[in-house]
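Asker:
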Amino acid sequence: MPRATGKEGAAGKPLDALRNRGFRGGKIAPHRAMIGLPISWSLAIDMVVIPSIFSVIVFLLMDPLMGVWRTMLEGMQTPMQLPGTVGSTFYDLGWYRVAVPTYTAIAEWPSGPQLAIGWVVNLLYLVIGLFLKGPMLPVGYLFRFLAAIQCTAQLWFTFADPPFTYGLPEYTSGLLVSGTVILMLASFLVGFTFNIFDFSIWKKLLLTTLLIGHLAILFPLQAAVHAYIIHRGTLLAMPVLYLVFGILTDVFVYVALYGWGMSWRSAGTLDPFIRKPPVNPPRYPAGRTRPTPTPQSVRAITPTMVPIVRQVGFRMDDES
Amino acid sequence: METVVFFANIGLWTCVAILAVYTLRHYFFTLNRLFGKHRQPYVDVLEADWPALVVFVPCHNESRVIRDSLDALLTCDYPPDRLVIVPIDDRSEDDTRDILVQYANDYPGRIQPFLRDDGIPGKAAALADAMEFHQEEVFLIFDADYIPGTKLIKQLVAPFFDPEVGAVMGRVVPLNVSRSLLTRLLDLERSGGYQVDQQARMNLHLVPQYGGTVGGMRRVALEAVGGWNLDSLAEDTDLTMRLVIAGWEVVYQNRSECYEEVPETWESRMRQIRRWATGHNQVAARYTGDLIRNSAKLPFRQVLDGVLLLGVFVIPIVLLIGWSCAIILYYAGYPPEFNRFTILAIASFNTVGNFAAFFEIAAANRLDGTRERIRMLPFMLLGFLISAITVCRASMSRKSWFKGHTMSWQKTARHREDRVTKKPGRNRRAKAGTIA
Numbered sequence: 020m021p022r023a024t025g026k027e028g029a030a031g032k033p034l035d036a037l038r039n040r041g042f043r044g045g046k047i048a049p050h051r052a053m054i055g056l057p058i059s060w061s062l063a064i065d066m067v068v069i070p071s072i073f074s075v076i077v078f079l080l081m082d083p084l085m086g087v088w089r090t091m092l093e094g095m096q097t098p099m100q101l102p103g104t105v106g107s108t109f110y111d112l113g114w115y116r117v118a119v120p121t122y123t124a125i126a127e128w129p130s131g132p133q134l135a136i137g138w139v140v141n142l143l144y145l146v147i148g149l150f151l152k153g154p155m156l157p158v159g160y161l162f163r164f165l166a167a168i169q170c171t172a173q174l175w176f177t178f179a180d181p182p183f184t185y186g187l188p189e190y191t192s193g194l195l196v197s198g199t200v201i202l203m204l205a206s207f208l209v210g211f212t213f214n215i216f217d218f219s220i221w222k223k224l225l226l227t228t229l230l231i232g233h234l235a236i237l238f239p240l241q242a243a244v245h246a247y248i249i250h251r252g253t254l255l256a257m258p259v260l261y262l263v264f265g266i267l268t269d270v271f272v273y274v275a276l277y278g279w280g281m282s283w284r285s286a287g288t289l290d291p292f293i294r295k296p297p298v299n300p301p302r303y304p305a306g307r308t309r310p311t312p313t314p315q316s317v318r319a320i321t322p323t324m325v326p327i328v329r330q331v332g333f334r335m336d337d338e339s
Numbered sequence: 025m026e027t028v029v030f031f032a033n034i035g036l037w038t039c040v041a042i043l044a045v046y047t048l049r050h051y052f053f054t055l056n057r058l059f060g061k062h063r064q065p066y067v068d069v070l071e072a073d074w075p076a077l078v079v080f081v082p083c084h085n086e087s088r089v090i091r092d093s094l095d096a097l098l099t100c101d102y103p104p105d106r107l108v109i110v111p112i113d114d115r116s117e118d119d120t121r122d123i124l125v126q127y128a129n130d131y132p133g134r135i136q137p138f139l140r141d142d143g144i145p146g147k148a149a150a151l152a153d154a155m156e157f158h159q160e161e162v163f164l165i166f167d168a169d170y171i172p173g174t175k176l177i178k179q180l181v182a183p184f185f186d187p188e189v190g191a192v193m194g195r196v197v198p199l200n201v202s203r204s205l206l207t208r209l210l211d212l213e214r215s216g217g218y219q220v221d222q223q224a225r226m227n228l229h230l231v232p233q234y235g236g237t238v239g240g241m242r243r244v245a246l247e248a249v250g251g252w253n254l255d256s257l258a259e260d261t262d263l264t265m266r267l268v269i270a271g272w273e274v275v276y277q278n279r280s281e282c283y284e285e286v287p288e289t290w291e292s293r294m295r296q297i298r299r300w301a302t303g304h305n306q307v308a309a310r311y312t313g314d315l316i317r318n319s320a321k322l323p324f325r326q327v328l329d330g331v332l333l334l335g336v337f338v339i340p341i342v343l344l345i346g347w348s349c350a351i352i353l354y355y356a357g358y359p360p361e362f363n364r365f366t367i368l369a370i371a372s373f374n375t376v377g378n379f380a381a382f383f384e385i386a387a388a389n390r391l392d393g394t395r396e397r398i399r400m401l402p403f404m405l406l407g408f409l410i411s412a413i414t415v416c417r418a419s420m421s422r423k424s425w426f427k428g429h430t431m432s433w434q435k436t437a438r439h440r441e442d443r444v445t446k447k448p449g450r451n452r453r454a455k456a457g458t459i460a
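Protein chains in written order, with my numbering: chain A, 20 to 339; chain B, 25 to 460.
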């Protein structure tokens, strides 16, 4: 006779319910090696529909958003003492034309003394990088990496002739245009990497909103800071800012938010610490003698991460 | 200048294509592990006529850790009359040999040390010598800092009831996670490597990697592929590839967890990566051609995965070349203007491409139930940076690609508390009193 699998239709359902039932009606969580996520149609909503809605909202809010960015750039222009005005670069997003704000301030080709200061700064990066050891070693390598990138800029501006291919206004607008593209893509990245997990819909919406909101504020601030540094420090500062502190930094903003989001409780399959007892736990048959608890049974009903408060007598052989 | 730009363009797009393949691989493995069917065919084998087994524990200056390992092996639930533990001491200069002799006296017959004073140094050579004195069909190998659980030995032996299985690998879990930032990052990384990478390869019938420890081998399979390769720095990868090429199955058991001590200092970690990278590249140089030439006998997916696996330690060099080309093109003014497609391509690749490894690690830790540790994710950048630089250095050495180097013991520094001076017997009493 074939063994019952618990999947034989209505008659087999009680077996399914019993399969993971533990002592006193608790749930036996599967071992982490066995755990996985079910595939369902709701994944399509999580991965496609929600991100699409967010993307459309970002698209529709693009004009007001550019207005906010313009206000932010204008607000920061005076304190940063940047000359010129806040102009616009037009960028086609599909059939839609976006007026991305940008500073009109320019950056100079580095002079001899500025190049010399640049070499000193570069040397400083290298020395710091070489002296940081022990637990700070990776930070030291980060400095060495910066020194290597900055060195390419020093060499270029020492031997090349002006003008440089990129001016400050084009650089700033390029950064912000990339920002608009990332804002459109961000919700899909969340959909593909976060929404597929067993979080509640509110948490999925919250992380997407947090990410888009954070980036929407970050991009103009990042562009303003870059513009300030490049304007003050000449074009010499542009390569390291573009290559290291540009999109790469934005990616790490997402990594940080994603790491935080992934640490939230899900109350689902992947959250082993939540073992909700059944609403109507099965009762122990009246009249039957209850078994004496053993250390094993006490541990079996004690949820993980909760200290065992009941001490069970345990006599060791070598104490006798 | 135009020629430089032309070659930089070719270089950049080649690197991007290679990186895109590895990015897709990361995503594919992670999605398979999350939603795919788990293939763990031997995990239910609990009772059987267990074969005679020998467990080798290669040691070289392991006095700080070897007691823990032997104690754990002695308490495993494998039938004692069918299990022999063989710690191999290869020219230790500390108290390792005395400890092994003491254990041999305390557990006569169960622990049979193999003491080695000459011959080629290194783990593979030591194992090859020790195996000549033991004729058991199946053997397991544990490094001296590994602490197996009670049921682990049976779990690792179970797959060998399948005659097609040549080697078995268990999961490695760090035990010194809270020691430093590095150990926490390594815990995240190990989780990604085993919980996702190895299990996905097992699910998809690809090439799960035998890691040289927390694993075992069938003697006949080892002999069929030519025994231990004595001049290989990564004898584990070397053996995996030879077994796969010869048609043996390598099995990964995600349920079989064993605890290890991960490096606690960055310097120690860099030495470990350098050794892995050099050894792995040696294997890549030796077997990539063989793997492709045998593609008619092997499933295409295995050949593809094997080639990608062998190329893992070349990726940092690809990254370096890619960065160099990108910098050249940047100064040369390419792209001359920000058009829509370029921005979309750069932004997409930077975000989605750079994020693949983080996704894999976060998913693995979520599966492990260690959700709060995932907040450390941004710090992985430090680990990636150190790994990339170290691998680049190792890959540029002659040792990585050519034969003819001198073998020596390549060891990771142990940081476990010094227990050598502890009074005899204290450890055993402490274990008996543990209710865990």
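Glycine residues also receive a C-beta, built at the ideal position from the N, C-alpha and C atoms.
(1) Buried or exposed: G330 (chain B), going by 16 or more other Cβ atoms within 10 Å of its Cβ?
(2) Alpha helix (DSSP H) containing G216 (chain B): first to last residue?
(3) Closest by CA to Y51 (chain B), which one among A:H250, A:A275, A:T212, A:S285?
(4) Whose Cβ in chain B lies nearer than 7 Å to the Cβ of I54 (chain A)?
(5) Checking contacts by CB at 9 Å: is P448 (chain B) closer than that to chain A?
(6) Just the C-alpha distance for A270 (chain B) and V249 (chain B), rounded to the nearest angstrom, thanks.
(7) List the whole-angstrom C-beta distance separating L255 (chain A) from Q100 (chain A), where the pair is believed to meet the contact cut-off of C-beta under 8 Å.
(8) Taking a contact to mean a Cβ-Cβ separation below 9 Å, would you say G194 (chain B) touches E291 (chain B) in this structure?
(9) On a Cα-Cα basis, can you pick out the residue from B:L257, B:A182, B:E396, B:R91 that is closest to A525 (chain B)?
(10) Would you say Y160 (chain A) lies against chain B (beta-carbon separation less than 9 Å)?
(11) From L43 (chain B) to A380 (chain B), what distance separates their C-alpha atoms?
(12) Check whether chain A comes within 9 Å of F383 (chain B), counting only Cβ atoms and requiring the distance to be less than that.
(13) Have a look at G146 (chain B) and E127 (chain A) and give me their C-alpha separation to the nearest angstrom.
(14) Measure from the C-beta of M265 (chain B) to each C-beta in chain A and report whether the shortest distance is under 9 Å.
(15) Rounded to whole angstroms, what's the CA-CA distance from G335 (chain B) to L58 (chain B)? Just pull it up for me.
(16) Please report whether the beta-carbon of A248 (chain B) lies at a distance below 9 Å from any beta-carbon of chain A.
(17) For R294 (chain A), count the other beta carbons within 10 Å of its own beta carbon; 16 or more makes it buried, fewer makes it exposed. Which is it?
(18) Taking a Cβ distance cut-off of 7 Å, strictly less, list which residues of the segment 343–358 of chain B are near chain A, in chain order.
(19) Could you list which residues in chain B have their beta carbon closer than 7 Å to that of S282 (chain A), in chain order?
(20) In chain order, which continuous runs of the alpha helix (DSSP H) of length 4 or greater are located wholly inside the segment 285–332 of chain B?
(21) What's the call for P323 (chain B), buried or exposed, on a 16-neighbour Cβ count within 10 Å?
(22) Excluding the five sequence neighbours on either side, which residues of its own chain have a C-beta within less than 7 Å of the C-beta of P360 (chain B), listed in chain order?
(23) Suppose you measure from the CA of I34 (chain B) to the CA of I352 (chain B); what does that come to, to the nearest Å?
(24) Can the beta-carbon of A135 (chain A) be found closer than 9 Å to that of M257 (chain A)?
(25) Taking 9 Å as the cut-off, decide whether the C-beta atoms of W300 (chain B) and A191 (chain B) are in contact.
(26) Could you pull the start and end residues of the beta strand (DSSP E) that G194 (chain B) belongs to?
(27) For the alpha helix (DSSP H) holding D114 (chain B), just list the boundary residues, first then last.
(28) With 9 Å as the threshold, decide whether the Cβ of A308 (chain B) is near any Cβ in chain A.
(29) Give the range of the beta strand (DSSP E) segment to which R63 (chain B) is assigned.
(30) Roughly how many angstroms lie between the CA atoms of A179 (chain A) and P340 (chain B), to the nearest whole one?
(31) Beta-carbon separation of Y276 (chain B) and M226 (chain B) under 9 Å?
(32) Among A:A124, A:H250, A:H245, A:S107, which residue has its Cα nearest to the Cα of V117 (chain A)?
(33) Rounded to the nearest angstrom, how far is the Cβ of K223 (chain A) from that of D65 (chain A), given a contact under 8 Å?
(34) Would you call the segment 399–407 of chain B and the segment 229–248 of chain A in contact, with 3 or more CB pairs under 8 Å?
(35) Just checking, does the segment 204–218 of chain B make contact with the segment 105–121 of chain B on the three C-beta pairs under 8 Å criterion?
(36) Give me the chain B residues within the contact set of H50 (chain A), using Cβ-Cβ distance strictly less than 7 Å, ordered along the chain.
Answerer: Concretely, from the data shown:
(1) buried
(2) No alpha helix (DSSP H) holds G216 (chain B); DSSP gives it neither H nor E.
(3) A:T212
(4) L391
(5) Because the pLDDT of P448 (chain B) is 45, which lies under 50, any placement of that residue in the model is unreliable, and the number read from its coordinates should be weighed accordingly. By this cut-off, P448 (chain B) is not an interface position.
(6) 7 Å
(7) That belief does not hold up - the Cβ atoms of L255 (chain A) and Q100 (chain A) are roughly 19 Å apart, past 8 Å.
(8) no
(9) The structure shown does not extend to residue 525 (chain B), since chain B spans only 25 to 460, so no value can be given for it.
(10) yes
(11) 11 Å
(12) yes
(13) 60 Å
(14) no
(15) 25 Å
(16) no
(17) Per-residue confidence for R294 (chain A) stands at a pLDDT of 48, beneath the threshold of 50, marking its modelled position as unreliable; no derived number is given.
(18) I351, Y354, Y355, G357
(19) R395, E396, I398, R399
(20) 290–317
(21) exposed
(22) With a pLDDT of only 49 at P360 (chain B), under 50, the local geometry of the prediction cannot be trusted, and no value is derived from it.
(23) 12 Å
(24) no
(25) no
(26) 189–198
(27) Premise fails: D114 (chain B) lies in the beta strand (DSSP E), 107–114, not in any alpha helix (DSSP H).
(28) no
(29) Element bounds for R63 (chain B): n/a, residue is neither H nor E.
(30) 30 Å
(31) yes
(32) A:S107
(33) 6 Å
(34) no
(35) no
(36) R279
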